[in-house]
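Peer 1: Converting from the sequence shown to my numbering requires adding 356 to each position, the first position being numbered 1.
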Amino acid sequence: MKKILFLMTAALMIIGCSSDDDNNNSDEGEQIDFHFDKKEITATYGEDLLIELMGIAPSKCNIYSSDEFILDVSNNNDKIKIVPHYAGNALVIAEYKNVKDTCNVKVKPTLSYAEEPILTLGTSRSEVKKQMSQYQHSGTVGGYTGEDYFFNTKSKVCYQFDTNDKLIAIKQELTKSSYGINRVKEGLSQRYKQTSHSNNVYWYSHPNIMTVRVEEQVSKVYVWFAKDAVIMEQCYPW
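Shown next, in the form of structure tokens:
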């Protein structure tokens, strides 16, 4: 009789443990459907934003930015706080187990330093021509292989391409009386981090994305854009 009672007790203990394991495993395999309340939002430089995650608490998720140079994110009670650092585009990403959702954030500058050229490196020559078709095209001379356009008589932009006709460098020529150096510097500082300054030359950067050089001359302000200074000088020497 004692032996029978012992075996019954052991069996009940095994069943209880198995039930607990099943509960734990069901949590691990749980599928939660969640999403951001907006798929795309626009922020202004210097403006913090809050967005919501529907279907799950943000504290349960891994929340991060696709580009921490542009913006940072953090949990803020039951919402997600977005802190923009520079103008540009980045994704806010939420992950829980094997489920992920994104929200595209566009951070707009508060100041336009000049007419903004196409700055997406890798853009095809044909696409540059298409987007710039409303502006006056400048003819090419002396074997120059780039494409130059006038936004107006005091604002010119030059585009240079690699052997595959992909955009690799940009140079802007601005008349100083209309586009002062302080305005250019302030506008660029909302888009890039200033890295150095020597006499009349200023350097800015979006790490691993874009290098910017600004030079103030007597009557002109020149702005160069390229992934790095080597490519920049090869295309448009200073």
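We put the beta carbon where it would ideally sit given N, CA and C, even for glycine. None of the values given here were measured: they were computed from a predicted structure.
Between the Cα of Lys664 and those of Lys456, Leu409, Val455, spot the shortest distance and give me the residue it belongs to.
Peer 2: For the chain, the structure presents residues 357 to 594; residue 664 sits outside this window and is missing.
Peer 1: My understanding is that Gln330 touches Thr476, with C-beta atoms under 8 angstroms, so please give their C-beta distance in whole angstroms.
Peer 2: Examination of residue 330 is not possible in this model, given that the chain is present from 357 through 594 alone.
Peer 1: Use the C-beta contact count for Gly478: other C-beta atoms within 10 angstroms, 16 or more gives buried, fewer gives exposed.
Peer 2: Here residue 478 refers to the residue found at position 122 of the sequence shown. Counting Cβ neighbours within 10 Å, Gly478 comes out exposed, since fewer than 16 surround it.
Peer 1: Taking the CB atoms as reference points, tell me whether Val448 and Val429 lie closer together than 7 angstroms.
Peer 2: Counting from one through the sequence shown, the residue named residue 448 turns up at place 92. Counting from one through the sequence shown, the residue named residue 429 turns up at place 73. It is a contact, given that the beta carbons lie within the stated cut-off.
Peer 1: On a CA-only basis, which of Phe390, Leu427, Asp389, Phe517 is nearest Leu406? Give me that one, please.
Peer 2: Sequence index remark: in the sequence shown, residue 406 carries index 50 (1-based). Leu406 has its Cα closest to that of Leu427, out of Phe390, Leu427, Asp389, Phe517.
Peer 1: Can you grab the Cα-Cα spacing for the pair Val574 / Lys532, in whole Å?
Peer 2: In the sequence shown, residue 574 corresponds to position 218, counting from 1. In the sequence shown, residue 532 corresponds to position 176, counting from 1. Distance between the alpha carbons of Val574 and Lys532: 8 angstroms.
Peer 1: Rounded to the nearest angstrom, how far is the Cβ of Leu530 from that of Ala582, given a contact under 8 angstroms?
Peer 2: The sequence position of residue 530 within the sequence shown is 174, counting from 1. The sequence position of residue 582 within the sequence shown is 226, counting from 1. So it is not a contact: roughly 18 angstroms between Cβ atoms.
Peer 1: From the DSSP secondary-structure annotation, give me the bridge partner or partners of Ile537.
Peer 2: In the sequence shown, counting from the first residue as 1, residue 537 sits at position 181. Ile537 pairs with nothing; no bridge assigned.
Peer 1: By Cβ distance below 6 angstroms, which residues in the same chain neighbour Val557 in space, the five residues on each side in sequence not counted?
Peer 2: By one-based count along the sequence shown, residue 557 stands at place 201. So the list reads Glu571, once near-sequence residues are dropped.
Peer 1: Do the segment 485-495 and the segment 516-526 touch if we need at least three Cβ pairs shorter than 8 angstroms?
Peer 2: Taking 8 angstroms as the limit for Cβ pairs, the verdict is that the segment 516-526 does not touch the segment 485-495.
Peer 1: Beta strand (DSSP E) containing Arg569: first to last residue?
Peer 2: Working through the sequence shown from its first residue, we reach residue 569 at position 213. Its beta strand (DSSP E) spans residues 566-572.
Peer 1: Can you round the beta-carbon distance between Ala413 and Pro440 to whole angstroms, since I take them to be within the 8 angstroms contact cut?
Peer 2: Here the question's residue 413 lines up with position 57 in the sequence shown. Here the question's residue 440 lines up with position 84 in the sequence shown. Contact flag wrong, Cβ pair sits at about 24 angstroms.
Peer 1: Restricting to Cα atoms, I'd like to know which of Cys417, Lys395, His562 is closest to Asn433.
Peer 2: Mapped onto the sequence shown, residue 433 falls at position 77. Selected option, being the one with the closest Cα: Cys417.
Peer 1: Leaving out five residues before and five after Lys549 in sequence, what residues of the same chain have Cβ atoms less than 6 angstroms from its Cβ?
Peer 2: Taking the first residue of the sequence shown as 1, we reach residue 549 at position 193. Ser561, listed in sequence order.
Peer 1: With DSSP collapsed to three states, give me the class of Pro465.
Peer 2: What you label residue 465 is simply residue 109 of the sequence shown in a count that begins at 1. Residue state, collapsed to three classes: coil.
Peer 1: In this structure, does DSSP put Cys459 in helix, strand or coil?
Peer 2: In the sequence shown, the residue the question calls residue 459 occupies position 103. Reduced to three states, the DSSP call for Cys459 is strand.
Peer 1: Note down, in chain order, each residue of its chain lying with its Cβ closer than 8 angstroms to the Cβ of His391, except the 5 sequence neighbours on either side.
Peer 2: Taking the sequence shown and counting its residues from 1, the one referred to as residue 391 is at position 35. Answer for His391: Leu409, Met410, Gly411, Asp457, listed in chain order.
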